[in-house]
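Read through the structure below, which is laid out as C-alpha cells, and then see the notes.
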Amino acid sequence: MRVIDATGLVVSPGFINTHTHEAIVPDTGANLTPGSMLMVHDGITFWLGGNCGMSPTGIDITAKEGISIKEGDPSKPLGKFLDEAEKVPLYNNYGTLTGNITLRSQMGLKHMEHETDLQIEAMKKILAQDLAAGSFGISAGLMYDMGATTKALLELAKVSQAAGGMAALHTRYPTFNLKHLSLGIDNVVLERSIHEAIAICRKSRAPLIVSHITAMAQADSTRWTLKVLDKAIREEGLPLAGDIIGDDYVSNDLYILTFKGKIPARVMLKLGNYRMDQFYSAHDLYLDGKLYAKEYSQFSLSQMEYLRKNVERIDGFGESRSLLRLLCKIVPAEDTKLALQHPWVFIGNDIGGQSVDPKTGEFAASSHRGLATFSRLLGHWSREEGALSLEQALFKATIAPALWLGLDEKGRIQEGCDADIVIFNADTIIHRADWLYHKENLKPEGINYVIVNGQIVVENGKLTGATPGRLIRRTWKIPGDTAAIISLDEKREGVPNIVEGR
C-alpha cells in the first residue's frame, strides 16, 4: 500500500463531467480512449457521453439541400457497442445516453423531416433496448435537426422515465420573425425552446438536464433561462437541472449560426448582440481551392456576409459539419458567474472528436476544454474571480451531479464508495489550455494526483500507465432529485468528506 503525503493539499472526490461527446470513428462508432486520456488530466473520473442527440455509435443526417453529416455507424445496436466498450482501456469511468438523432438516422429520416407515428413507435422500441443495455437515457440535439417533433421527444422521454432513465436536451432555436428584432425581443428564438424542455419534463416526469445554459447565444438569455428553470424546479418540484461549460468560447458553424445561410450576418449579430471581433476562424479557410483566411483570422462584416452567400464554394462543403467553423468568444463572464450560483447547474466540458498528435503520439484535443474545464472552475472562477467558494465549486463538481444521477458510489469519499479521488493545490490549480494559437493540449497545473478506482492514473501531471476506468451501465433509477441538492446547498454543508491536508 502506498501512502501519499497530501499536507497542504485538497483531497476531493473525483470530478463528474455531465455533458461530453465521444470521438466517432468512421463506419464503426466511438473510440473512447482519446477523450478518456485527455479528461483524466483535468481530474475527471466519470464522464457522460452520448449528448446532443448523438449516440456513440454515430449519426447520419442527410439533408434535402445543403450540408449532410455521416459519422460512425448509427445502425449499430448500442448494446453491441457497450459490449465492445467493456474491453477498451479507459483512464476513467464512462457512461452514455442514447441520442435522438441516432434514432432518427435508424429510421432513415432526413434533416428537418418530422417523424410519423409508426417511426416514433419504432424509435421507442430501440430506445427501450438501449436502456435495458445500460443507457442512461435519451438525449436530443434539437439545434442540429429541428425536424424532431415535441411529440416524439415526449414519447421518448416517457420511455426513458419508465425504465429509470433521464433526458438531456440541447434545445432547439425556433425560426424567428424579423419584426421581433424591431420590438427589442431578443430572446424570441429561445423562449419556446426552454418552455418545450420544461413541458417535456413536466409531462414525462423524466429527470431532465438543459444543456449549455450559458451558450444559448441570445442577448440576456442566461438570466431569463435560469429564472424560468429555477421557478419550475422550486414551485413545481420538477426534476430539472442544467449544465454549463464555464468557458468564454463556443464553437459553431457559420452555416448553422445563419440558419443554413438564410439570414444576413448583420442580423445574426443583432440577434445575439454580438460584435465582429468576437469571431475567429477555427482553421485555414479555402474557397475554390485557394486560401481565403488563415487559422485564427478575424473577419469584417462584409467578409462574413460574402462567406455566407458563397458557402457552397468553401472546400469541404457537404462533406462534414465544419464548413466554416468559428470560435465565438460570446459567453459573458457575468452569465457564467450567475449560472454558477445555482446548485442545480452542473459542469460539462462538451468536447468532441480527438486525434493522435503525429509528433508526440499522444491524443490531441479537438478543444481545449478537455484539459481546461474543472481546473478552470476551481482556479479561475473560484479562486481568481470569486464567483463561488472552493466548497461550492467542489459541491458542483462532485456530490451534486452524483446525487442527481444516482451514482451512489461516486462523488464522495467514504467507506464503501469507489476510490475516485483528486488531490490538488487550491492555491495553484489553473487551466493552461486555450482554443487559440495551438494551446489546446496544455495540461492544467496544480493537480497532483488523480486516482480512479483506487489506482493512481495521473501523478504530477503525467500518466502512470494505469487504465482502471470502466464502463458503467445504468441499472438503477436515476433520481434527478434537484430538491435534495438545493436543500443540501442551503444547509451550507459544503462537500461531505473533503479532507484537507491529510
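Here the sequence shown stands for residues 640 to 1141, numbered as in my numbering.
Beta carbons: idealized from backbone N, C-alpha and C, even for Gly.
This one's a predicted model, so the numbers in the text were calculated from it and none came from an experiment.
In this structure the segment 743-752 does not touch the segment 792-799; the number of beta carbon pairs closer than 8 Å is below three. Going by C-alpha positions, T657 is about 19 Å away from H1070. For the pair P1107 and Y730, the Cα-to-Cα distance works out to about 6 Å.
Boundaries of the alpha helix (DSSP H) around S941: 940-948.
Around the Cβ of H750, a 10 Å sphere holds 16 or more other Cβ atoms; the residue is buried.
Excluding its 5 nearest sequence neighbours in each direction, A1039 has C-beta neighbours in its own chain below 7 Å: P982, F985, I1124, listed in chain order.
Rounded to the nearest angstrom, the Cβ distance from R952 to L926 is 5 Å, consistent with a contact under 8 Å.
Here DSSP, grouped into helix, strand and coil, assigns M762 to helix.
For I1052, no beta strand (DSSP E) encloses it, and the DSSP letter there is neither H nor E. In the three-state reduction of the DSSP assignment, W686 falls in the strand class, which pools E and B. Taking every protein chain shown into account, the CB of T1114 has fewer than 16 other CB atoms within 10 angstroms, so this residue is exposed.
Looking only at N739, H680, I700, the smallest Cα-Cα distance to T1012 is reached by H680. The beta-carbon distance between N1092 and R1112, rounded to whole angstroms, is 16 Å. This is too long to meet the 8 Å contact definition. Within the segment 714-791, the complete beta strand (DSSP E) segments of 3 residues or longer fall at 732-735, 776-780, listed in chain order.
In this model, D769 and Y945 are separated by some 45 Å (Cα to Cα). Note that the C-beta distance between A787 and L717 is not below 7 Å. DSSP, reduced to helix, strand and coil, places H851 outside both helices and strands of the structure shown, so it counts as coil. For I1062 and A1036, the gap between their C-alpha atoms comes out near 14 Å. Nearest neighbour of G991 by Cα position, chosen from F654, L677, V649, G653, turns out to be L677. The C-beta distance from W1043 to T1121 rounds to 7 Å, short enough to fall under 8 Å. Taking C-alpha positions only, V970 is separated from A1041 by approximately 27 Å. Taken through DSSP and simplified to helix, strand or coil, M805 comes out as strand. With contacts defined as CB atoms closer than 7 Å, T659 and N988 qualify as a contacting pair.
Taking C-beta atoms as the reference points, I1068 and G1009 fail to come closer than 7 Å. Boundaries of the beta strand (DSSP E) harbouring L966: 964-967, taken from the DSSP string.
Contact between the segment 1080-1087 and the segment 1020-1032 is absent: fewer than three C-beta pairs spanning the two stretches fall below 8 Å. Nearest to A801 by alpha-carbon distance, out of I833, K790, K763, is K763. In the DSSP assignment, the residues bridged to Q1094 are V1091.
Around the beta carbon of D784, a 10 Å sphere encloses 16 or more other beta carbons of the protein chains shown; the residue is thus reported as buried. Here the C-alpha atom of I740 lies approximately 41 Å from the C-alpha atom of V649. Judged by their CB atoms, G804 and S778 are not nearer to each other than the 7 Å cut-off.
In the structure shown, the three-state DSSP call for S651 is strand. Taken atom to atom, the span from the alpha-carbon of N670 to that of E661 is near 7 Å. Across the structure, I1090 and N732 are spaced so that their CA atoms are roughly 11 Å apart. Per DSSP, the unbroken beta strand (DSSP E) holding F918 starts and ends at 918-920. As the crow flies, the alpha-carbon of D887 is around 42 Å from that of M640.
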